[in-house]
Amino acid sequence: MIFVSIFLSFLVANLLGYGGGPASIPLMYEEIVNRYNWLSNTEFSNMLAFANALPGPVATKIAAYVGYGVGGWGGFVVALLATILPSAVALIFLLKLMRKHKDSMIVKGMTLLVQPVITALMLVLTFEMFQDSYHSIGIIQSAAIALIAFLLLQKWKVHPALVIVLAFLYGGLIVPHLN
0 MIFVSIFLSF LVANLLGYGG GPASIPLMYE EIVNRYNWLS NTEFSNMLAF ANALPGPVAT
60 KIAAYVGYGV GGWGGFVVAL LATILPSAVA LIFLLKLMRK HKDSMIVKGM TLLVQPVITA
120 LMLVLTFEMF QDSYHSIGII QSAAIALIAF LLLQKWKVHP ALVIVLAFLY GGLIVPHLN
């Protein structure tokens with residue numbers, strides 16, 4: 000039964016996660032943290048940070064980690080299949096369909112109007128993660144780290160993996176000495 004739950008949770012998140020990893024992360028969060036309680040909010044945040052620091056698609060790394068943690072190697076395989084199959088099949092089908100109707104206003108409207116929904120999903124996830132950070136290290140440190148990360152990413156165009164590594168270093172070397 001656990002393999003069915005793993006498969007369905009990752010299948011649904013990846014079927015509805017229009018836009019790939021960024022869109023499917025909040026959907027996975029809902030399944031992993033809120034629905035099945037496979038990870039806590041803090042565990043999910045830590046796993047997401049590590050997943051973003053490693054190369055490759057974030058959705059497959061989340062699936063591999065959670066699938067293995069919940070169902071061992073069988074869960075690992077089931078979660079990866081549920082994550083990869085929808086994208087692979089949909090990509091082949093939809094690209095052929097989109098190419099055929101690329102000048103359609105309906106297709107253009109669908110692709111443009113789903114973007115605000117993805118933005119809202121990411122904002123909700125960001126808010127929930129920020130709350131966890133706020134309760135752990137306080138508002139000043141949380142806001143300062145967010146501002147510094149924003150500047151590094153947007154103004155100085157530092158690679159996101161390096162920003163995550165810097166945050167890990169700060170969290171591991173500095174934060175324990177502040178308390």
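Numbering (numbering that gives the first Met the number 0), first residue to last: 0 to 178. Glycine included, C-beta positions come from ideal geometry on N, C-alpha and C. Every value quoted in this text rests on a predicted model; they were computed, and no experiment measured them.
Using the rule of at least 16 other Cβ atoms within 10 Å of the residue's Cβ for burial, across every protein chain shown, is residue i buried or exposed?
i, result
"Leu-47", "buried"
"Val-164", "exposed"
"Ala-142", "exposed"
"Thr-125", "exposed"
"Trp-37", "buried"
"Phe-149", "exposed"
"Ser-103", "exposed"
"Phe-75", "buried"
Just tell me which of the options has its CA closest to the CA of residue i.
i, options, result
"Ile-147", "His-158, Val-162 and Ile-136", "Val-162"
"Tyr-133", "Gln-114, Ile-83, Lys-101 and Thr-41", "Thr-41"
"Pro-179", "Phe-6, His-176, Leu-177 and Leu-168", "For the chain, the structure presents residues 0 to 178; residue 179 sits outside this window and is missing."
"Ala-89", "Met-0, Leu-15 and Gly-170", "Leu-15"
"Glu-127", "Ser-44, Tyr-35, Leu-10 and Ile-117", "Ser-44"
"Thr-159", "Leu-93, Gly-55 and Ile-139", "The sequence as given places Pro at residue 159; Thr does not occur at that position. The candidate whose alpha carbon is nearest that of Pro-159 is Gly-55."
Can the beta-carbon of residue i be found closer than 9 Å to that of residue j?
i, j, result
"Met-97", "Pro-21", "no"
"Phe-129", "Ala-145", "yes"
"Asn-13", "Ser-4", "no"
"Tyr-67", "Ala-52", "no"
"Leu-10", "Thr-82", "yes"
Within 9 Å of any Cβ in chain D, is that where the Cβ of residue i sits?
i, result
"Thr-118", "Among the chains in the structure shown there is no chain D, since it carries only a single protein chain."
With a floor of 4 residues, list each alpha helix (DSSP H) that falls wholly inside the region 98-169, ordered by position along the chain.
104-112, 114-136 and 138-149
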